[in-house]
Amino acid sequence: MSGCVMAGAMMIALGSGGSFTLEWTHSVEREDWRETWEITADDRLHLTKAAVKGSGAGMEPGDGGHFEEGWWVWTPDLPPVPALVLAASGKTPSAWRLCGAGCVDLGAFSGQPVQVVPCSRAG
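Residues in the sequence shown are numbered consecutively from 1225, following the numbering used here.
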């Protein structure tokens, strides 16, 4: 399966498997965070893996978390969602970095939140 997501007005192609990663730096702890998302058969977004470089305020690894190559990694037990909404305050230490077939930075500057949805749901 391959596909794409819409992030604001941008269409972002995904590689085979229809998945993408979302990375950012935590605004308080200044530690890297990474999530892997996939598009489900019913065109929703499902969080399949989460990883964090450290721990601290709001950054505790989830159940079953284990240390792997410098990251705390776990599989979240959450239902798929129709969309992601990414804040764009312009005051965080990094933009959101969304990587599919290529990478793009989102929300680096103050503005409206950026909504990420499967292309089939964009409208």
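Beta carbons: idealized from backbone N, C-alpha and C, even for Gly. Because the structure is a prediction, the values reported are computed rather than measured.
Rounded separation between residue i and residue j - CA only
i, j, result
"residue 1225", "residue 1268", "No answer about residue 1225 holds up, because its pLDDT of 48 lies below 50 and its placement is not dependable."
"residue 1261", "residue 1327", "14 Å"
"residue 1319", "residue 1330", "6 Å"
"residue 1308", "residue 1344", "15 Å"
"residue 1321", "residue 1276", "15 Å"
"residue 1325", "residue 1235", "11 Å"
"residue 1291", "residue 1278", "10 Å"
Residue j beta carbon less than 8 Å from that of residue i
i, j, result
"residue 1259", "residue 1249", "no"
"residue 1270", "residue 1304", "yes"
With 16 other Cβ atoms within 10 Å as the buried cut-off, status of residue i
i, result
"residue 1230", "buried"
"residue 1240", "exposed"
"residue 1342", "buried"
"residue 1263", "buried"
field: Three-pair Cβ contact test at 8 Å for the region 1291-1303 versus the region 1327-1337
entry: Two segments are said to touch when three or more pairs of C-beta atoms, one from each, lie closer than 8 Å; by this definition the region 1291-1303 does not touch the region 1327-1337.
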